[in-house]
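Visitor: Got a structure for you, written out below as structure tokens; questions coming shortly.
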Amino acid sequence: MCPLGRWMSVAAVALLVAVGANTARAGDDPGEVDKRKRAGKHVEEGDRYKEAGDYDAAAREYEKAYELVPHPELFFNLAQVYRLGKKKEKALEYYERYLAVEPNGRAAPQARKFARQLKKELDKAKAKEQSGSESGSGSSSGSGSGSASGSESGSGGDLTRRVEPSHPGRTLRIAGMATAGAGLVALAVGIKYGLDARRISNDLSDYDQMWTQAALDRQAVGKRAEKRMFIGTGLGAAFIAGGAVLYYLGHSARAHAEESEQGVAAAPLVSGDTFGIALGGHF
């Protein structure tokens, strides 16, 4: 079983013909069969580009597939890659187009969730832009326009760029490991003082002579070593426990972020003599 949050590819083929596949196939339009095959190849290419992080190329492949076989599930796939590619307006457009034709579709809950999120983000950005334009001068507006143009040009120029993945909870996990490491050091120091205290105690237990100042000083050293043992082991245990808690919280944050991507992405799939729907998701 793969770890939680790892993406898995799940294919579910819905046959268009209940029985007599070969007989039904004989009546198919050869042109339609060819379109389905080509659409399936475009979907496969789009999936590969998506996994590689080239969302612009993935969108182009899904669009080509839709031109051949206009399946509504491709709207959801397009919305997904546009959202991952930070093209929020395009993503929202395709989520809404999917919901318009598939309001009760398999991916409808996820589509509504992402659409609401994108609307909030776009409304917030629009309000901020309007606030800035009202308080800014004409020169600042020109500068902003130039910046937007440059950004648009840059986004369309490099079609093979990879989008760096985010790492939710990474800081907490690192802090947890560092804290646990410090706890191990403190525990080792405490154990070392404990061994020193035990050695001094054993030496003094066999001491049968008059107590000199040197012997009393050594006894005091043993007591200090014993005290430091308790402090070191106590702090070490506390740090290790705290580090474990921090690491768990970081892991939970990552799992929660990955679960927000949970859903079903479907697209036409052509293989041999069958035509169906390919579903993608993570568990």
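Residue numbers for the sequence shown follow the working numbering, beginning at 828 and rising by one.
Every residue gets a Cβ at the ideal spot worked out from N, C-alpha and C, and that includes glycine.
Given the structure is predicted, the values throughout are model-derived calculations rather than measurements.
Roughly how many angstroms separate the alpha carbons of V1016 and R997, rounded to a whole number?
Guide: The straight-line gap from Cα to Cα measures roughly 29 angstroms.
Visitor: Any idea what DSSP makes of D883, helix, strand or coil?
Guide: Helix.
Visitor: Terminal residues of the continuous alpha helix (DSSP H) containing R924?
Guide: Run containing R924: 915 to 928, per the alpha helix (DSSP H) assignment.
Visitor: Determine the direct distance from the alpha carbon of Q944 to that of E894, and round the result to whole angstroms.
Guide: Approximately 28 angstroms between the Cα atoms of the pair.
Visitor: Report the rounded CA-to-CA distance for Y1020 versus G1010, giving the unit in angstroms.
Guide: C-alpha separation (whole angstroms): 15 angstroms.
Visitor: Starting from E934 and walking both ways along the alpha helix (DSSP H), at which residues does that stretch end?
Guide: Reading off the sequence, residue 934 comes out as Ala, not Glu. Segment: none, A934 is in no alpha helix (DSSP H) and carries neither H nor E.
Visitor: So, under 8 angstroms CB-CB, L901 and Y889 are touching, yes? Tell me the CB distance rounded to an integer number of Å.
Guide: Confirmed, about 5 angstroms.
Visitor: Which value, in whole angstroms, describes the spacing of the CA atoms of D985 and L1014?
Guide: Only weak support exists for where D985 lies, its pLDDT of 39 falling under 50; the value from the coordinates is given anyway. Rounded to whole angstroms, D985 to L1014 spans 52 angstroms at the Cα level.
Visitor: Which residue from M1056, F1066, K946 puts its Cα closest to that of A1002?
Guide: Checked all of M1056, F1066, K946; the closest Cα to A1002 is F1066.
Visitor: Can you tell me whether V908 is helix, strand or coil according to DSSP?
Guide: If DSSP states are grouped into helix, strand and coil, V908 belongs with the helices.
Visitor: Determine, using beta-carbon pairs with one atom in the region 951 to 960 and one in the region 916 to 936, whether at least three such pairs fall under 8 angstroms.
Guide: The region 951 to 960, when compared against the region 916 to 936, does not touch it at the 8 angstroms Cβ threshold.
Visitor: Quick check on the burial criterion: 16 or more other C-beta atoms within 10 angstroms. Buried or exposed for R1026?
Guide: Exposed.
Visitor: In angstroms with no decimal places, state the Cα-to-Cα distance between E859 and V1072.
Guide: Each residue's alpha carbon lies about 58 angstroms from the other.
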